[in-house]
Structure formats: C-alpha cells, structure tokens
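Below you'll find the structure, written out as structure tokens, and then a few comments.
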Amino acid sequence: MSSAPEAPKVRCTLRIEFPSNEEATRVHRAVELDNQGYVSTKVEGDAILAEIEASSLNSLLHTLDDLLSCTTLAEKIVTKKN
Numbered sequence: 006m007s008s009a010p011e012a013p014k015v016r017c018t019l020r021i022e023f024p025s026n027e028e029a030t031r032v033h034r035a036v037e038l039d040n041q042g043y044v045s046t047k048v049e050g051d052a053i054l055a056e057i058e059a060s061s062l063n064s065l066l067h068t069l070d071d072l073l074s075c076t077t078l079a080e081k082i083v084t085k086k087n
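Counting along the sequence shown from 1, when you hit position 38 you're at 43 in this note's numbering, and nothing is skipped either side.
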C-alpha cells in the first residue's frame with residue numbers, strides 16, 4: 006500500500022535590514038508573536054532574518070504580505086520621534 010505523495014513545499018528566506026541592531030531588535034520583538042507557527046525569525050546584526058515555509062506559492066505570498074505589513078507598522082512605531 007503506497008502512501009499519498011507529500012505536498013510540495015515552498016520556502017523563502019527574507020533579510021530585512023535596519024540602520025542599527027537596536028532598531029532591528031525592537032521591530033523583531035514587536036512582530037515575533039504574530040509569526041509563531043508561520044515564520045521563523047531572528048535578529049542577526051542589524052537585520053531580521055525570516056524563514057518561511059508554505060504548502061503553496063499563494064500561501065507563501067499571503068504570509069509574506071502579512072509579515073511585511075506588520076514589520077512596516079512596527080518600524081513606523083519604533084522609529085517615531087517623541
């Protein structure tokens with residue numbers, strides 16, 4: 006008895022660079038909870054590295070869109086001058 010073939014996976018690695026490690030860390034803290042289970046992220050130097058795996062290209066695009074939207078908003082809040 007043969008099992009069904011495994012669904013193909015789509016993978017993406019994204020590097021988002023910031024002016025400093027402090028800013029990258031603050032943005033990462035703001036978005037990491039939203040990404041649990043979908044995106045693996047870490048801070049490396051002055052950048053956030055994101056690893057995304059999805060079952061389809063369409064799913065990957067939706068995840069990327071969500072990640073980039075959240076990151077953009079977090080960056081605006083983190084860099085807002087008082």
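Beta carbons are placed, not taken as given, at the ideal position from N, Cα and C, and that holds for glycine.
If you're wondering where the values come from, they're calculated on a predicted model, not measured in any experiment.
Q | In DSSP terms, what glutamate 49 is bridged to | A | Numbered from its first residue, the sequence shown carries residue 49 at position 44. DSSP lists Ala52 as the bridge partner or partners of glutamate 49.
Q: Under the assumption that glycine 42 contacts asparagine 26 (Cβ atoms under 8 Å), give the Cβ distance between them as a whole number of angstroms.
A: Working through the sequence shown from its first residue, we reach residue 42 at position 37. Working through the sequence shown from its first residue, we reach residue 26 at position 21. Contact flag wrong, Cβ pair sits at about 26 Å.
Q.
Going by C-alpha to C-alpha distance, which of Pro24, Ser8, Ser61 and Leu54 sits closest to leucine 73?
A. As a working mapping, residue 73 is identified with position 68 in the sequence shown. When each option's Cα is compared against that of leucine 73, the closest is Leu54.
Q) What residues match up with glutamate 58 in a beta bridge as DSSP calls it? A) Counted from its first residue, the sequence shown places residue 58 at position 53. Beta-bridge annotation (DSSP): glutamate 58 is paired with Arg16.
Q | Simplified DSSP assignment, three categories, for glutamate 99 | A | Residue 99 lies beyond the stretch modelled for the chain, which goes from 6 to 87, so this question has no answer here.
Q: Using the DSSP secondary-structure output, state which residues sit across from glutamate 22 in a beta bridge.
A: Residue numbering aside, residue 22 sits at position 17 when the sequence shown is read from its first letter. According to DSSP, which records beta bridges pairwise, glutamate 22 is partnered with Ala52.
Q: Taking arginine 20 as the reference, give the member of Lys14, His33, Glu11 and Thr84 with the closest Cα.
A: As a working mapping, residue 20 is identified with position 15 in the sequence shown. It is His33 whose Cα lies nearest to the Cα of arginine 20.
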